[in-house]
Amino acid sequence: MNIQTNSKRAISHDKDAIWAQICTEARSAVQDEPLLGALIHAGLLYHRSLEAALAYRFSLKLASDEMSEQILREIADQAYAQTPALGDAAREDLLAVYDRDPATHRLIQPILFFKGFQALQAYRIGHWLWEQGRHDLSYFVQMRCSECFGVDIHPAARIGTGVMIDHAHSIVIGETAVVGNDVSMLHSVTLGGTGKEDGDRHPKIGNGVLIGAGAKVLGNIEVGDHSRIAAGSVVLHQVPRCKTVAGVPARVIGDAGCDEPATSMNQILGIGDPP
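Residues are numbered in the numbering used here as their position in the sequence shown, beginning at 1, plus a constant of 132.
This is how it looks when you write it as structure tokens:
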């Protein structure tokens, strides 16, 4: 079933329809650029499901002299088989990128080319390992994600679904951080602590939050649902829901501007807002 439409928002969330669309796009891409045929067949068309394709991508990108592609593939296959929610989260993340990123015109782009999406799926496997009590192996996944993608997410952090990490350079998310559903963040975002304190020390990001490029959110503080953090801000205090904060240190400068800032991706401050 071909689910491609003129409207990004009309795309189906049905598992089979999503995979069918990916395969249709992949075959078309091979016709358009035969030099990518081997990459696209190995990465997508040789597999029977999105989960299998993601497991292959995970193993291919994170393999090193220290850990073989085969071992990593077995880990990922086990994770997806035992925890179907991982595949569901991947689909929600994929559709989030497709819907919110104007540079994304096909579902195959994030899977094959976008390191933010790939790093997030690798984190999800690392988090699955953490939840299994396999902490050292999850640290290995974290290390390789940092080395391969420039994205450093502690495997104990908790991240919801429908998350988009755009560009993904220099993303840092700490051990006790929580990120809600339908969050969008751009490059160079840090969800960190404020020093050497132990325990619960990282931010709690609500649902539907938009975090602009270069923003730093520090400490065990709450960022309310559907709020907006302007690019370059340093957030040290709680952010009320549905508000915009900006500055160093950040302060509330107005409402979020819409009901779903993470979906609209509107980062322009309103007339009368401080620069």
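Glycine included, C-beta positions come from ideal geometry on N, C-alpha and C.
In this text the structure is predicted, and so the values were computed from the model without any measurement.
Measure the C-alpha to C-alpha separation of Ile385 and Ser365 and round it to an integer number of angstroms.
-> 12 angstroms
Classify Lys328 as buried or exposed, calling it buried when 16 or more other Cβ atoms lie within 10 Å of its own Cβ.
-> exposed
Does the distance from the CB of Ser302 to the CB of His319 come in under 8 angstroms?
-> yes
Curious, which full-length alpha helix (DSSP H) runs of at least 4 residues does the segment 189-228 contain?
-> 201-214
Contacts around Gly396, its chain only, beta-carbon distance under 6 angstroms, and the 5 residues preceding and following it disregarded | Reading off the sequence, residue 396 comes out as Ser, not Gly. Taken in chain order, the residues that qualify are Cys390.
Buried or exposed by the 16-neighbour rule on C-beta atoms within 10 Å, applied to Phe245 | exposed
Confirm, please, whether the CB-CB distance from Gly306 to Ala289 is below 8 angstroms.
-> yes
Entirely within the segment 266-305 and at least 3 residues each: give me those beta strand (DSSP E) ranges in chain order.
-> 283-285 and 303-305
CA-to-CA distance, Glu198 to Ala356, given in whole angstroms = Just to set this straight, residue 356 is Gly in the shown sequence, not Ala. In a straight line, the C-alpha of Gly356 is about 41 angstroms away from that of Glu198.
Okay, do the segment 256-274 and the segment 226-233 touch, 3+ Cβ pairs below 8 angstroms being the bar?
-> no
Length of the line joining the Cα atoms of Lys147 and Gly346 = 34 angstroms
Integer Cβ distance of Gly248 from Asp298, believed to fall under 8 angstroms | 6 angstroms
For His334 and Pro372, the rounded distance between their alpha carbons | 17 angstroms
For my contact list, Gly175 and Arg189 are in at a C-beta cut-off of 8 angstroms; report their separation, rounded to the angstrom.
-> 6 angstroms
Unbroken beta strand (DSSP E) run spanning Ile385, endpoints = Arg383 to Asp387
Is Arg189 close to chain C, meaning its C-beta is less than 8 angstroms from at least one C-beta of that chain?
-> Although the question refers to chain C, the structure presented lacks it and comprises just one protein chain.
Using three-state DSSP, classify Ile353 as helix, strand or coil.
-> coil
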